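Student:
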Amino acid sequence: MRKWLDKAWAKAAAFVLTLVLGGLTVLGGIGIGILVSYNVFLDDGAYLRQTLYQEQCYDSLSMANDYLCAQLDSVGLLDKSYYFVNTDTADSDEYNPGAAKQLLSELPRLFADAFSRELSSCQLVVSDPDTGETYLANFDLTESDKLLYDTQELYVYHLSESTGLTSIQVAITATLLEKSGQAPSYSYLVCSWLLTHTGLTIFLTVLCGLLTLFCFGFSMASAGHWHGREDIHLTWLDKVPSDVFALALLSAFFIGWDAFYSEWGRVLFCAALIPVMLLFLCVFAAQCKAGSVIRGSLTARVLRLLWRILRGVTLWLWRIVTGIPLVWKTALVGLGLALLEIGLYQMNYYGEYFLVLKLVELLAVLAIALNLRTLEKNGKQLSEGSGCSAPSGGTDRP
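Per this note's numbering, the sequence shown starts with residue 1081, numbered consecutively.
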């Protein structure tokens, strides 16, 4: 495997496979999370099946109820005050006994045409909840139909006062059939596939995760190795400072996060940043092998430059201070201390007296320093005179 570390095609393949297999691992993890959230591993998917089937059945029941309300309202049978807010009675359809009788006679055919077998995935039956007498049905079941789920809801239709009746209660039953090529949404298709292939989903997720780790490890191991070079070689991209690369990534992330407001836009933007992040990790691994992570970073370079400036200024000030005579050093130090103490006690009530006292103290220090300077000069002269005198010794012998 070591002989492949310096192959460019192996690096490119590992890079691409890391992204592809990593994406499949994430999708598999999301699928397993969906299965766990619906307790598929505890009840063998009963709750998930019920949820998927109920969604379709309730949608069909709602459509059937809306259709019946619209048909009854078209001939004035329905009392709009129960269903519509602020309805003007002048705009309401008046009750017409002839039209109502004709509608009720044709309603079974109209209902069957509106919810035919080709258009609906559920069998809809409108019946009397007490006697079970069937009023309407969109189609009849056959022996080849496979029933998945059924549910029933009660609906009350408040009739107009002109009919002489107050209300009528019906039961609408929706029976979901297994029909190929029909699905209400993509979520139904995904959840159905996960429910059918639960074991395969777990196996593929684990396999893709392991292969992702292998390809990622190969990318990290091959970083910095190139054909024809024994040691670690840094390309122009590997020479980009790691802190600059990381700062650019963070800036791009925050800019893109603020630029995209929709959830899918942010998801796609983050997915587009993943290859750049993987490239950054490869660059960082190459710099770690070459030992240039800290030395080559922009932060370290700026700190070294600041240290050189600070060191140069400090040495320059030290030379200036050491070149000043003793009297002037004492004067500057005394003046600095005086100004510091004056600043600390400037709000004192006896500030004027304190100022005079400090000036007297400064003059006394200067006088002492002047005497010390005189002693220093005399000492130098004495040492120079002693150095020039001839040494004393014995007399010459004849």
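Even glycine gets a Cβ: it sits at the ideal position worked out from N, Cα and C. Model, not experiment: these values are computed from the prediction.
Mind checking which residues open and close the beta strand (DSSP E) that includes Ser1247?
Tutor: Note, Ser1247: beta strand (DSSP E), 1247-1257.
Student: List the residues that DSSP assigns as beta-bridge partners of Ala1217.
Tutor: DSSP, once it has assigned bridges, lists Val1205 as partnering Ala1217.
Student: Taking the CB atoms as reference points, tell me whether Thr1292 and Thr1105 lie closer together than 8 Å.
Tutor: Their beta carbons are under 8 Å apart, which means Thr1292 touches Thr1105 by this criterion.
Student: Would you mind working out which of Val1324, Leu1287, Ala1254, Asn1119 sits nearest Asn1145, comparing C-alpha positions?
Tutor: Nearest C-alpha to Asn1145: Ala1254.
Student: Can you give me the start and stop residues for the beta strand (DSSP E) that Asp1159 sits inside?
Tutor: No beta strand (DSSP E) contains Asp1159, which DSSP labels as neither H nor E.
Student: Can you tell me where the beta strand (DSSP E) holding Ser1234 begins and where it ends?
Tutor: At residue 1234 the sequence reads Leu, which differs from the Ser that was named. 1227-1238 is the span of the beta strand (DSSP E), which, as asked, contains Leu1234.
Student: Taking 8 Å as the threshold (C-beta atoms), are Thr1410 and Ala1449 in contact?
Tutor: Closer than 8 Å, so yes.
Student: Can you tell me whether Ser1372 is helix, strand or coil according to DSSP?
Tutor: DSSP places Ser1372 in coil when its eight states are reduced to three.
Student: When the Cβ atoms of the segment 1228-1238 are set against those of the segment 1138-1152, are three or more pairs found closer than 8 Å?
Tutor: Touching, per the Cβ criterion.
Student: Do the segment 1214-1230 and the segment 1195-1203 make contact, defined as three or more Cβ pairs closer than 8 Å?
Tutor: Yes, since at least three Cβ pairs between the segment 1214-1230 and the segment 1195-1203 fall closer than 8 Å, the two stretches touch.
Student: Go ahead and label Ser1277 buried or exposed: buried means 16 or more other beta carbons lie within 10 angstroms of its beta carbon, across all protein chains shown.
Tutor: Ser is not the amino acid found at residue 1277; the sequence shown has His there. Answer is exposed; the Cβ neighbour count stays below 16.
Student: Using only alpha-carbon positions, find the residue among Gly1304, Tyr1215, Val1155, Tyr1133 that is nearest to Thr1231.
Tutor: The option with the nearest alpha carbon to Thr1231 is Tyr1133.
Student: What's the C-alpha gap between Ile1335 and Ala1352?
Tutor: So the two alpha carbons sit approximately 14 Å from each other.
Student: CA-CA distance, Leu1107 and Ala1380?
Tutor: Distance between the alpha carbons of Leu1107 and Ala1380 is about 40 Å.
Student: Could you name the residues of the same chain whose beta carbon sits closer than 6 Å to that of Asp1086, not counting the 5 residues immediately before and after it, in chain order?
Tutor: Contacts found: His1305, Trp1306, His1307.
Student: Check whether the segment 1338-1352 touches the segment 1390-1407, counting contact only when three or more Cβ pairs, one atom from each stretch, lie closer than 8 Å.
Tutor: Verdict: no, contact absent.
Student: Taking DSSP as the reference, what is the three-state secondary structure of Gly1212?
Tutor: Looking at Gly1212 - three-state DSSP - the assignment turns out to be coil, as it is neither helix nor strand.
Student: For Leu1412, which residues from the same chain have a beta carbon less than 8 Å from its beta carbon, with the 5 sequence-adjacent residues on both sides left out?
Tutor: Answer for Leu1412: Ile1404, listed in chain order.
Student: Rounded to whole angstroms, what's the CA-CA distance from Ser1463 to Val1445? Just pull it up for me.
Tutor: Cα to Cα, the separation comes out at about 27 Å.
Student: So Gly1102 is in the alpha helix (DSSP H); what residue range does that whole segment cover?
Tutor: Run containing Gly1102: 1088-1117, per the alpha helix (DSSP H) assignment.
Student: When the Cα atoms are used, what is the spatial distance from Thr1167 to Glu1174?
Tutor: Residue placement at Thr1167 is poorly supported in this model, since its pLDDT is 43, which falls under 50; the coordinates are not used for a value here.
Student: Among Leu1256, Val1347, Glu1310, which residue has its Cα nearest to the Cα of Lys1083?
Tutor: Checking every option, the nearest Cα to that of Lys1083 belongs to Glu1310.
Student: In this structure, how does DSSP classify Val1320 when only helix, strand and coil are distinguished?
Tutor: Coil.
Student: Suppose the cutoff is 7 Å on Cβ atoms and the five residues either side in sequence are ignored; what does the same chain contact list for Ala1179 look like?
Tutor: Val1155, listed in sequence order.
Student: Whose C-alpha, out of Val1250, Tyr1215, Pro1209, Glu1258, is nearest the C-alpha of Tyr1229?
Tutor: It is Glu1258.
Student: What whole-angstrom Cβ distance do Leu1216 and Pro1188 have, given they're in contact under 8 Å?
Tutor: Sure, about 5 Å apart at Cβ, within 8 Å.
Student: For a quick check, are the C-beta atoms of Phe1296 and Thr1098 less than 8 Å apart?
Tutor: Result yes, Cβ atoms of Phe1296 and Thr1098 sit closer than 8 Å.
Student: Of all the options Ile1114, Ser1247, Cys1288, which has the alpha carbon lying nearest to the alpha carbon of Arg1129?
Tutor: Nearest of Ile1114, Ser1247, Cys1288 to Arg1129, Cα basis: Ile1114.
Student: Can you tell me which of the three DSSP states Arg1189 falls into?
Tutor: Three-state result, Arg1189: helix.
Student: Quick one: Cα of Leu1383 to Cα of Leu1455, how far?
Tutor: Those two C-alpha atoms are separated by around 47 Å.
Student: In three-state DSSP terms, what is Lys1460?
Tutor: Residue state, collapsed to three classes: helix.
Student: Rounded to the nearest angstrom, what separates Tyr1302 and Phe1095 at their Cα positions?
Tutor: Looking at the sequence itself, residue 1302 is Ser, so the reference to Tyr does not match. Approximately 11 Å between the Cα atoms of the pair.
Student: If we count the other Cβ atoms within 10 Å of its Cβ and call it buried at 16 or more, is Ser1267 buried or exposed?
Tutor: So Ser1267 ends up on the exposed side.
Student: So, at 8 Å on beta carbons, what are the nonlocal neighbours of Gly1474 in its own chain, with the 5 sequence-adjacent residues on each side left out?
Tutor: Note that Gly1474 scores a pLDDT of 45, beneath 50, so its modelled location is shaky and nothing firm can be said.
Student: Run through DSSP, which three-state label would Phe1340 get?
Tutor: Phe1340 falls in the coil class under three-state DSSP.
Student: On the premise that Cys1362 lies in contact with Ser1299, defined as a C-beta separation below 8 Å, what is that separation, rounded to the nearest angstrom?
Tutor: Confirmed, Cβ separation roughly 6 Å.
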